[in-house]
Amino acid sequence: MSRVGKNPIPVPKGVSITRTGDDIQVKGPNGTLTERIPTMIETEISDEKVVFARHDEKKDTRAQHGLARALVANMVRGVSESFVKELEIQGVGYRADMAGKTLKLLLGFSHPVEIPVPDGLKVSVDRNVIVKIEGIDRQKVGQFAANIRSLRPPEPYKGKGVRYVGEQIRRKVGKAGATA
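283 is the number of the first residue of the sequence shown in my numbering; add one for each residue after it.
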């Protein structure tokens with residue numbers, strides 16, 4: 283039995299889950315999410331929990347069992363409380379600013395980098411160096427944060443760049459200098 287797939291998902295108050303064919307829809311106070319669930323995975327939905335089961339013990343079916351449970355658990359959490367990722371910008375002259383639905387980043391390039399914010403995400407900038415990304419879809423939030431970080435990942439000598447808040451960067455010792 284899948285260790286992830288066998289756990290039931292508790293459904294908080296105000297969240298409703300419906301399955302129509304291969305799609306499962308989760309509605310909550312923050313919005314609505316829909317995801318396709320493999321046909322080999324059965325869903326048992328009650329008022330207080332959702333349980334997933336599978337037909338056979340094939341390797342692919344076992345993998346899909348855990349995946350389906352994890353996807354629905356993230357959807358339930360997202361519609362009841364939003365997912366948040368925070369990025370920190372370090373470096374002299376590095377900063378961020380919001381201009382409408384566009385995130386404007388100054389990261390040491392010869393030009394500012396402008397990134398349009400995808401639908402369903404809310405981005406805010408604090409003190410010009412903290413970028414906070416919020417949304418109900420965990421995948422969208424994480425991918426947008428990774429895209430921003432990939433523009434200027436932290437370098438190991440001075441630590442300049444874009445990093446997640448709380449991320450530890452392994453620092454390297456620079457040249458010792460030629461002393462004769």
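Note that beta-carbon positions come from the ideal geometry of N, C-alpha and C, so glycine has one too.
A quick note: this is a predicted structure, and the numbers were derived from the prediction, not measured.
Asked, Found
"Contact defined as beta carbons within less than 8 Å: I believe Lys367 pairs with Ala427. What is the distance between those atoms, to the nearest angstrom?", "4 Å"
"Determine, using beta-carbon pairs with one atom in the region 334 to 353 and one in the region 384 to 403, whether at least three such pairs fall under 8 Å.", "no"
"Would you report the Cα separation of Thr302 and Val308, rounded to the nearest angstrom?", "11 Å"
"Per DSSP, which one or two residues make a beta bridge with Ile291?", "Val332"
"With which residues is Ala381 paired in a DSSP beta bridge?", "Thr384"
"What is the DSSP secondary structure of Gly424, reduced to helix, strand or coil?", "helix"
"Any heavy atom of the ligand GTP closer than 7 Å to the CB of Thr314?", "Looking at this structure, you won't find the ligand GTP or any other ligand, since it has none at all."
"Would you mind reading off the limits of the beta strand (DSSP E) that contains Arg445?", "Gly443 to Tyr446"
"Do the region 398 to 408 and the region 446 to 455 make contact, defined as three or more Cβ pairs closer than 8 Å?", "no"
"Round the Cβ separation of Gly417 and Phe365 to the nearest angstrom and send it over; I've been treating them as touching at under 8 Å.", "6 Å"
"Within the chosen definition, does the region 432 to 446 reach the region 367 to 384 through at least 3 CB pairs nearer than 8 Å?", "yes"
"Would you decide whether Asp419 is buried or exposed? Buried here means 16 or more other CB atoms lie within 10 Å of its CB.", "buried"
"From Pro290 to Val297, what distance separates their C-alpha atoms?", "15 Å"
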